[in-house]
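Chemist: My questions all concern the structure below.
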Amino acid sequence: MLKIEKHLDSLLPASYFAKHAALRDALQKDIISPPKLDAEESLNADLGQGRLHELVDRLWIAGKPKSPNALHFQRVLGGDIIVVESMDLHLVCSHTQFYAKPIPPFLLEPAFWTRHLSCRDGCDCSDNPSRSCSRRTLWKSALGFLYSYRALIRHESDFRLAQDNYLLPEHIEWADWKRFVAELNTKHTDGQIHERFMYGELRRGRLNKLLSIRSNFRESTYVPRWYRHGKSFRDNFAWLASATVYIAIVLTAMQLGLATKALEEKRSFSLRFIRVHCLRHRRALGRGRCDHRTLHPIFLRFKACDGTVTGYRKESRNGKTLGSVPSLRGTG
Numbered sequence: 002m003l004k005i006e007k008h009l010d011s012l013l014p015a016s017y018f019a020k021h022a023a024l025r026d027a028l029q030k031d032i033i034s035p036p037k038l039d040a041e042e043s044l045n046a047d048l049g050q051g052r053l054h055e056l057v058d059r060l061w062i063a064g065k066p067k068s069p070n071a072l073h074f075q076r077v078l079g080g081d082i083i084v085v086e087s088m089d090l091h092l093v094c095s096h097t098q099f100y101a102k103p104i105p106p107f108l109l110e111p112a113f114w115t116r117h118l119s120c121r122d123g124c125d126c127s128d129n130p131s132r133s134c135s136r137r138t139l140w141k142s143a144l145g146f147l148y149s150y151r152a153l154i155r156h157e158s159d160f161r162l163a164q165d166n167y168l169l170p171e172h173i174e175w176a177d178w179k180r181f182v183a184e185l186n187t188k189h190t191d192g193q194i195h196e197r198f199m200y201g202e203l204r205r206g207r208l209n210k211l212l213s214i215r216s217n218f219r220e221s222t223y224v225p226r227w228y229r230h231g232k233s234f235r236d237n238f239a240w241l242a243s244a245t246v247y248i249a250i251v252l253t254a255m256q257l258g259l260a261t262k263a264l265e266e267k268r269s270f271s272l273r274f275i276r277v278h279c280l281r282h283r284r285a286l287g288r289g290r291c292d293h294r295t296l297h298p299i300f301l302r303f304k305a306c307d308g309t310v311t312g313y314r315k316e317s318r319n320g321k322t323l324g325s326v327p328s329l330r331g332t333g
């Protein structure tokens, strides 16, 4: 028995982040500790769903209730396989990235499941399936994790991709993997796997929005896209420049139209021009009202012929004057 425990202990990671709130708050720093088989906190750090546990009832917004695509098809979709060690990042994807957690070697040991994931004596989980103790929750998460790899590695090409990206232990061969998948009972999964693994890939952008809303905007991102402002600006420079040029062209064309004699006397064109500027200034200033009393400068028009500035009179349909801006003489 002691030999088995030493073998299982050798398969654990070297360290993990301690998430005990009181301990971290007291020391005001992150605690890195060696994992222990008898410590549920260290097992939860490797197998727990983390932030997804709070979002599980809204995961239908971020993904579809189906099995994930195979690894080779992830490459077809243009996603680079990114290795992550957090269970709550497993199967998260974007347009160019696909996150996958490697299979921990201890999950392939039957002794680990019976000794450290099975319910303790006297647990109520066996009598009441609707309830789950901490070990039962980790069991469901670990089993759902293995079921996801049943879909990720379907062909030998997927197996080679998994080996190239260090998703499988080195000693496993293709024949071993086929036997392992055949032993997984995939017919009766209701209530046996974690609710998260009822869905396949989860979209990173939608998870960001879900976490932001669920935390009342205290947390802005689930997986940040950029860690530096410079990279964010470079990635968005193309559409920012295009939008700026487009707006400049439209406003320049409208101003040129007001300067021509053909459109100078057309009241409808002037009103459209004023409305566009009024909307822009209202958004910029954050004001709820936009009229001649709050935004005087946008009611002024320049005549190209003599450089004078003429006031604009706002009238209602019955001809009654509602307000005006006095005329000014340009200084040249």
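Numbering (this note's numbering), first residue to last: 2 to 333. Built from N, CA and C at the ideal position, the CB exists for glycine as well.
Determine the closest residue to Gly79 out of Glu42, Ala71 and Glu86, with distance taken between C-alpha atoms.
Modeler: Ala71
Chemist: In angstroms, rounded to a whole number, what distance separates the CA positions of Ile299 and Asn217?
Modeler: Note that Ile299 has pLDDT 41, beneath the 50 cutoff, so the model's placement of it is unreliable and no number is given.
Chemist: Which residue comes first and which comes last in the alpha helix (DSSP H) that contains Ala176?
Modeler: Trp175 to Glu184
Chemist: Helix or strand or just coil, what does DSSP make of Gly64?
Modeler: strand
Chemist: Just checking, does the segment 32 to 51 make contact with the segment 6 to 16 on the three C-beta pairs under 8 angstroms criterion?
Modeler: yes
Chemist: Please go through the same chain and pick out, in chain order, the residues whose beta-carbon is closer than 6 angstroms to the beta-carbon of Trp140, but skip the five residues on each side of it.
Modeler: Leu118
Chemist: In this structure, how does DSSP classify Ile154 when only helix, strand and coil are distinguished?
Modeler: coil
Chemist: On the CB-based measure, 16 or more other CB atoms within 10 Å of its CB, does Pro334 come out buried or exposed?
Modeler: The structure shown does not extend to residue 334, since the chain is modelled only from 2 through 333, so no value can be given for it.
Chemist: If you check the beta carbons only, do Ile360 and Ala101 fall under 9 angstroms apart?
Modeler: No information on residue 360 is available, as it lies outside the stretch 2 to 333 that the chain covers here.
Chemist: Using 10 angstroms around the beta-carbon of Phe107, count the other beta-carbons present and answer buried if the total reaches 16, otherwise exposed.
Modeler: Per the 10 Å Cβ criterion, buried.
Chemist: What residues in its chain sit with their C-beta under 6 angstroms from that of Ala27, if we drop five residues either side in the sequence?
Modeler: Residue placement at Ala27 is poorly supported in this model, since its pLDDT is 49, which falls under 50; the coordinates are not used for a value here.
Chemist: In the DSSP assignment, find the unbroken alpha helix (DSSP H) run with Asp10 in it and report its ends.
Modeler: Leu3 to Ser11
Chemist: Please name the residue or residues paired with Ser34 in a DSSP beta bridge.
Modeler: Tyr17
Chemist: Just to check my reading of the structure: Asp125 and Arg132 have Cβ atoms closer than 8 angstroms, yes? What is that Cβ distance to the nearest angstrom?
Modeler: 6 angstroms
Chemist: Thinking C-alpha only, which one of Thr253, Phe113, Leu147 and Leu208 is nearest Glu55?
Modeler: Leu208
Chemist: Apply the 10 Å Cβ neighbour rule to Phe198 and answer buried if 16 or more other Cβ atoms are within range, or exposed otherwise.
Modeler: buried
Chemist: Does the Cβ-Cβ distance between Ser87 and Gly51 come in under 9 angstroms?
Modeler: yes
Chemist: Is DSSP giving Val85 helix, strand or coil here?
Modeler: coil
Chemist: Below 8 angstroms on the Cβ atoms is my contact criterion, and I expect Leu92 with Glu6 to pass it. Report the Cβ-Cβ distance as a whole number of Å.
Modeler: Not a contact, Cβ separation roughly 31 angstroms.
Chemist: If I follow the unbroken beta strand (DSSP E) through Phe99, where does it start and stop?
Modeler: Gln98 to Ala101
Chemist: I need the DSSP call for Gln203, collapsed to helix, strand or coil.
Modeler: The amino acid at residue 203 is misidentified as Gln; the sequence shows Leu. If DSSP states are grouped into helix, strand and coil, Leu203 belongs with the strands.
Chemist: Who pairs with Val93 in a beta bridge, going by DSSP?
Modeler: Leu203
Chemist: Apart from the five residues on each side of it in sequence, which residues of its chain come closer than 8 angstroms, Cβ to Cβ, to Asp165?
Modeler: Result list for Asp165: empty, nothing under 8 angstroms.
Chemist: Check for me: the alpha helix (DSSP H) holding Met116 runs from which residue to which?
Modeler: The amino acid occupying residue 116 in the given sequence is Arg; Met does not appear at that position. Unbroken run through Arg116: none, as it is neither H nor E.
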